[in-house]
Each structure stands twice: as C-alpha cells, then as structure tokens.
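Notes follow once the structure below has been shown.
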Amino acid sequence: MNHFIRKASARERRILLIGGIIAALILFTQAVVIPAINFRQGSRTAAQAAQATLQQMRADAGMLKALQRSTPDEQVSAMALSTWIAQSANKRGIRIARIRPIDGGGLDLWLTEIPADRLHDWLLAMHDATGGEIVKLTLSTAGAGGLVDAQIAIAGGSGHVE
Numbered sequence: 086m087n088h089f090i091r092k093a094s095a096r097e098r099r100i101l102l103i104g105g106i107i108a109a110l111i112l113f114t115q116a117v118v119i120p121a122i123n124f125r126q127g128s129r130t131a132a133q134a135a136q137a138t139l140q141q142m143r144a145d146a147g148m149l150k151a152l153q154r155s156t157p158d159e160q161v162s163a164m165a166l167s168t169w170i171a172q173s174a175n176k177r178g179i180r181i182a183r184i185r186p187i188d189g190g191g192l193d194l195w196l197t198e199i200p201a202d203r204l205h206d207w208l209l210a211m212h213d214a215t216g217g218e219i220v221k222l223t224l225s226t227a228g229a230g231g232l233v234d235a236q237i238a239i240a241g242g243s244g245h246v247e
C-alpha cells in the first residue's frame, strides 16, 4: 500500500485524501452522530411518557383525597350509583372505559363506542332508577353508524337504587 501511494501522482494523492476524509466523516456520522440523535429522541419520548404518568398519578391522588374528605354517606351513595351503573351498562352492552368517584358522592364516567340512542335511553333509565343528575356531558363521534364516546359527570342521587 505504501508503495502504491509513493508511486501515485499529487493529484491522485489528493483524491485519496479527500476520499479518506469523506469516508471518515460518513463513518463518524454513522457510528456517533446518528446513535446520539436516536438516544436523544428516545430519552425525550421516555420523559414525555413519564410526565404523562406523573399527571395521571396526580389526578388519581386528587381523587383519593376527595374520597378521604367525603362523608361516609357520600361514599355509600357513590358506591350504590357505581354498582347500578356497572350492572345496567353490562346488561345493555355499554362499554365503560373508566369510572371515578368525585366530590359529593358523584361519578365521572368515560364510555366508548356507544350508539347515541342507546346512551340516551340508558341515561334516562339511570336518572329514573337512582335520581342521579348529569352535571356535565361531553360527546364525540366514534366512527360510523352513530357511535359516540362520552364523558359524563353524574351528581349522586339519593343513594337509593331501585
């Protein structure tokens, strides 16, 4: 190899030098720069996931504090309402994604992919059976066929479930 370089002209040596520099830059980019960028992106994604988990944990801690502050009657009311909701939703094929107690014996519900007319009938039946009042209702479309996703805040009724 040494013999080849000594025999090469000055122009060929420059071409080899430039080619070597380009090859070294490509190798450096592939071995150092790209892995560093990927590590940084992975770290950023992990940090965002950890932040979302922290926010969820803070929300859950607030819910637990609210339960601790609530009176035993409010807890019984929320439990009776929760039981009725779970049983009746199951009978009617309504999927409850999440259920959470709120202050005053009420509940927050997240429902997914429900026919709008079935949701309407179920909410009327819930009101008639428990006396629960809807204090907040957020609907969004969940696909074709009149399916909706719903977030509902229900103020606890009398706690008497028929």
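Heads up: take any position in the sequence shown, counting from 1, add 85, and you land on the working numbering.
Just so you know, even glycine gets a beta-carbon here, dropped at the ideal spot from N, CA and C.
A quick note: this is a predicted structure, and the numbers were derived from the prediction, not measured.
The secondary-structure analysis by DSSP pairs tryptophan 195 across a beta bridge with Arg183 and Gln236. The continuous alpha helix (DSSP H) containing threonine 215 extends over residues 201 to 215.
Here DSSP, grouped into helix, strand and coil, assigns serine 167 to helix. The beta carbons of leucine 192 and arginine 185 sit about 7 Å from each other, so the pair counts as a contact at 8 Å. For the pair glutamate 198 and arginine 177, the CB atoms are not nearer than the 8 Å cut-off. If the five residues before and after arginine 125 are omitted, its C-beta is found closer than 8 Å to no C-beta atom of its own chain. C-alpha of threonine 114 to C-alpha of asparagine 123: approximately 12 Å in a straight line.
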